[in-house]
Amino acid sequence: MAAATGPSRWHKNISAKVAALPMITTALVVFIGGTAWTVVYSFTNSKLLPREKFVGFAQYDRLWNSSKWLISIENLAIYGAFSLVFSLLIGFLLAALLDQKIRFEDTFRTILLYPFALSFIVTGLAWQWILNPDFGVQEVVRSLGWESFAFDPLYNPEIVIYGILIAGLWQGTGLIMCLMLAGLRGIDEDIWKAAKIDGIPMWKTYIFIVIPMMRGIFITAIVLIASGIIKVYDLVVAQTGGGPGISSEVPAKYVYDAMFLSQNLGQGFAASTMMLLTVIIIVVPWAYLEFGGKRRG
Amino acid sequence: MGNVTKTSAEVELAPVSHEMTGPRGRKPRKMLSRRNIMIYGTLIVVSLYYLLPLYVMIVTSLKGMPEIRLGNIFSPPVEITFQPWVKAWAEACTGLNCDGLSRGFFNSVRILVPSVILSIAIASVNGYALANWRFKGSETFFTILIVGAFIPYQVMIYPIVIMLREVGLYGSLTGLVIVHTIFGMPILTLLFRNYFASVPQELFKAARVDGAGFWGIYFRIMVPMSLPIFVVAMILQVTGIWNDFLFGVIYTKPDLYPMTVQLNNIVNSTQGVKEYNVNMAATILTGLVPLTIYFISGKLFVRGIAAGAVKG
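Residue numbers (the working numbering), protein chains in the order written: chain A, 724 to 1020; chain B, 960 to 1271.
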């Protein structure tokens, strides 16, 4: 794969180095520099502007004593757990259905994936309307005669995060389905034939043979879903704005609010550092499993 | 050229351009077997569920407000009106501006065009350098870039605000274009690097022997040979940048807000009477660009997102 193998002089590759300058700058200045900067300044008491007055873990103390942050974390955990399980489950089931050599496969796939092309803002606003208790699903069911029917997730602090989950799943499952379908198509036809000859029922073939073979796809899907979960922000802003009250706050929104609305930079830095820590806890084991033993250039 | 240009991502993507082995099509079988009813039944119900929000948005946007207050959101409009669409596009208010969503639309276009061009130009050159002109440390920078793609944006938001402020670009469209270029770089660079690495080395070597340099080979061989991947990158970027909300709201001013931000401000503004039909018309208008791209590009879109998804 490598082209410039032999011993090359420093200036010989100068064009490539110059051309790669934007990448080098981005990697070093923005990704490493920016991240390090935020982590360092999370230990200061910066308010409106960043300043270098270090206060140890004071920002973190405040963060973990803030009910808004605790609710954010709890919401993220609930949203994340359900999102992960249902995305994988629905994504796989739909992919398995589409993989039955059916007619109109392209049509079905197009329909199931189109929400993914939309902005979270569009998705959020559409579902905000459908879940509107005065006009949406709740009202329609009531008008059919079931007067006591209650389904108002966006106005009920207890279940608001599930209202957001509904929209999130609607938008995201199509992508997982596509990934799973790619995985299923990568499975050798002979395996199906062999399983059939052995008289293994289809569901058993899926669970005990096919899914273990799709390990890589599942890991990719999980990483993808997980990195989407931690980013969830636009959806909440569009659907509930964090409400009712602070019942649907999420960490990404906490960071934005602290930095740009309440002029509390230190809190924003500390919260974003916690987000980074969460990602590290998720990604490092995965990277270790994926690239650990067989690291090549 | 088609036979040499399979990247790992594309191989993963076999479903899209899947060739079946043996004779095509199903065994002749009764269409109405129980199995088929189950499969098609489930798929149709699920499809209806996925289409429902789009349907509700469209019918709501075509109704007048009195009809919305009376009726149910699933019923088709009794009297079709396009007034909400006109209002959403040209008259809806955000703050003091009452020139509708059209302002956001044109802002988004002004953000989109340079961002797409710049990010693809830079990432393709990066990918080319990484695939064909490796230098000491190039792989390290690439690794940092890919790892960086996993860092939550929130961690880097503020340092970028400071950098842009230093050079006087904070709050301008140029600043936002730079931000989109930066955050599009990991995935696009990966895409181009993998693609260029699969171009036969003989071509590259022959061009070297003929005296072509870095840019000569890039423009005369790599770009013409790789048009499909440029299209995939474009689809990825156009939908991604158009749908962005976070960067738009942070790095621009209210006058320059992209369409998504303006849409959210129109719909979620707390003042005045809620006009659900106008809101839904505005929502559809904002979704129209990526939806059009999606329906036109079809399989290429799937290729794009999956290439983005399947890390090389």
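Cβ coordinates follow ideal geometry from the N, Cα and C atoms, glycine included.
- G906 (chain A) and M936 (chain A) have their alpha carbons spaced roughly 9 Å apart.
- If you draw a straight line from the Cα of F815 (chain A) to the Cα of M1193 (chain B), it is about 28 Å long.
- Within the region 794–854 of chain A, the complete alpha helix (DSSP H) segments at least 4 residues long are 828–840, 843–853, listed from N- to C-terminus.
- Membership of G991 (chain A) in the alpha helix (DSSP H) is indicated by the continuous run 988–1014.
- Here Q1196 (chain B) is buried, its C-beta having at least 16 other C-beta atoms within 10 Å.
- Cβ proximity to chain A below 9 Å picks out G1172, F1173, W1174, Y1177 from the region 1170–1192 of chain B.
- The CB of L812 (chain A) never comes closer than 7 Å to any CB in chain B; the least such distance is about 13 Å.
- Beyond the five residues adjoining it in sequence on each side, K1022 (chain B) comes within less than 6 Å, by CB distance, of P1036, N1236 in the same chain, given in chain order.
- One Cα belongs to D1169 (chain B), the other to T1099 (chain B), and the distance between them is close to 31 Å.
- Across the structure, I825 (chain A) and L1071 (chain B) are spaced so that their CA atoms are roughly 38 Å apart.
- When secondary structure is reduced to three states using DSSP, G1199 (chain B) falls in the helix class.
- Of the residues assessed, M1181 (chain B) falls on the buried side of the cut-off, its CB having 16 or more other CB atoms within 10 angstroms.
- The DSSP assignment places 1112–1125, 1132–1156 as complete runs of the alpha helix (DSSP H) inside the region 1111–1166 of chain B, in order along the chain (cut-off: 4 residues).
- Within the region 1005–1031 of chain B, V1005, S1006, Y1009, L1010, P1012, V1015, M1016, T1019, I1027, N1031 place their CB atoms closer than 7 Å to a CB of chain A, listed in sequence order.
- For N798 (chain A), the nearest beta carbon of chain B is not closer than 8 Å to its own beta carbon.
- In the same chain as G803 (chain A), and ignoring 5 residues on each side of it, the C-beta atoms closer than 7 Å to its own belong to I952, in chain order.
- If only uninterrupted alpha helix (DSSP H) runs of at least 4 residues are considered, those enclosed by the region 1034–1085 of chain B are 1042–1049.
- In this structure, A:L999 is the residue among A:A993, A:I932, A:Y929, A:L999 with its C-alpha nearest to the C-alpha of A949 (chain A).
- Bounds of any alpha helix (DSSP H) do not take in Y929 (chain A), whose DSSP letter is neither H nor E.
- For I801 (chain A) and I1176 (chain B), the gap between their C-alpha atoms comes out near 52 Å.
- For D980 (chain A), the closest Cβ of chain B is not nearer than 8 Å.
- Secondary structure note for S765 (chain A): it is in no alpha helix (DSSP H), with a DSSP letter that is neither H nor E.
- Legend: CB atoms of the region 1212–1242 of chain B lying less than 9 Å from CB atoms of chain A belong to residues M1218, T1219, V1220, L1222, N1223, V1226, N1227, Y1235, N1238, M1239, A1241, T1242.
- In this structure, the beta-carbon distance from P1249 (chain B) to W893 (chain A) does not fall below 8 Å.
- Chain A has a Cβ within less than 8 Å of the Cβ of G1107 (chain B).
- Shown here, T1211 (chain B) sits in a strand according to DSSP, grouped into three states.
- In the structure shown, F872 (chain A) adopts coil according to DSSP, grouped into three states.
- Contact check for A1090 (chain B) against F1155 (chain B) passes: the beta carbons are separated by less than 8 Å.
- Our two residues, V959 (chain A) and Q1160 (chain B), have alpha carbons roughly 48 Å apart in a direct line.
- Taking 8 Å as the cut-off, the beta carbon of G897 (chain A) is found closer than this to the beta carbon of P838 (chain A).
- For K919 (chain A), no Cβ of chain B is located within less than 8 Å of the residue's own Cβ.
- Per the DSSP secondary-structure output, F777 (chain A) pairs in a beta bridge with A:T767.
- G1130 (chain B) and F827 (chain A) have their alpha carbons spaced roughly 47 Å apart.
- In this structure, P876 (chain A) keeps its C-beta atom at 8 Å or more from the C-beta atom of G968 (chain A).
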